[in-house]
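Numbers given in the numbering used here equal positions in the sequence shown, counted from 1, plus 26. Don't be surprised by glycine CBs; every beta carbon is placed ideally from N, CA and C. These numbers were taken from a predicted model, which means no experiment stands behind them.
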Amino acid sequence: MRTYITGSEQETQACGAMLAGELSAPAVVALSGGLGMGKTAFVRGMASVLAPGAHVSSPTYALVHEYGGEPPLVHFDMYRITGWADLESTGYYDYLASGAVLAVEWSENIAAALPEGTVYVTIEDLGGGKRRILIGEAPV
Ligand SMILES: Nc1ncnc2c1ncn2[C@@H]1O[C@H](COP(=O)(O)OP(=O)(O)O)[C@@H](O)[C@H]1O
Ligand SMILES: [Mg+2]
């Protein structure tokens, strides 16, 4: 388990960029932490490495955004996913099999569907714009 403290959205993005540089596809990055913690900011940093120029936003309504890249980066928001049929309809299993890098917000909602080798990223609020980012091989 590694721990990083960030003091701004830009630093959280930098943390995401660092992790992206370490990944080899296929890979799943499972993000958790409540609303406004910086999950999307972290994915924006990942995209700066994997899919430069992509416009990253929370896939709140679409549930999934594809950003291209080589390997492609695919961004999920599982906030409203409650069952297996829901999850399958996002294309999650197809993307998993495709060899992409998957960044999954609200991954705690699909805990049972995260594969071996998933990288878990948990973001906690320390107050005053500070966040603690925990990166490890198991959920916190
Ligand atoms: N250290 C920090 N890291 C990330 N975001 C921060 C930080 N401090 C303040 N923020 C703010 O918190 C919000 C995070 O938003 P977002 O990335 O969309 O969160 P989430 O996807 O977890 O809901 C942004 O408004 C950002 O400016
Ligand atoms: Mg988000």
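With 7 Å as the limit, the residues whose C-beta approaches a heavy atom of ligand 2 more closely than that are Lys65, Thr66, Ser84, Asp103 and Glu131, in chain order. Listed in chain order, the beta strand (DSSP E) runs fully inside the segment 93–130 are 99–103, counting runs of at least 3 residues. Within 6 Å of the C-beta of Met63 there is at least one heavy atom belonging to ligand 1. Annotation: Ala67 to Ser34 spans about 10 Å, alpha carbon to alpha carbon.
Annotated three-state conformation of Leu49 is coil, per DSSP. In this structure, the beta-carbon distance from Val100 to Tyr121 falls below 7 Å.
In the three-state reduction of the DSSP assignment, Thr148 falls in the strand class.
DSSP, reduced to helix, strand and coil, places Ser133 within a helical segment of the structure shown.
Here Ile136 is buried, its C-beta having at least 16 other C-beta atoms within 10 Å. For Arg106, the CB stays at least 6 Å from every heavy atom of ligand 1. Per DSSP, the unbroken alpha helix (DSSP H) holding Gly71 starts and ends at Lys65 to Leu76. For Leu160, the enclosing beta strand (DSSP E) starts and ends at Lys156 to Gly162. The closest CA to that of Ser84, considering only Gly94, Asp103 and Asp112, is found on Asp103. When the beta-carbon positions are compared, Ile149 and Ile159 come within less than 7 Å of each other.
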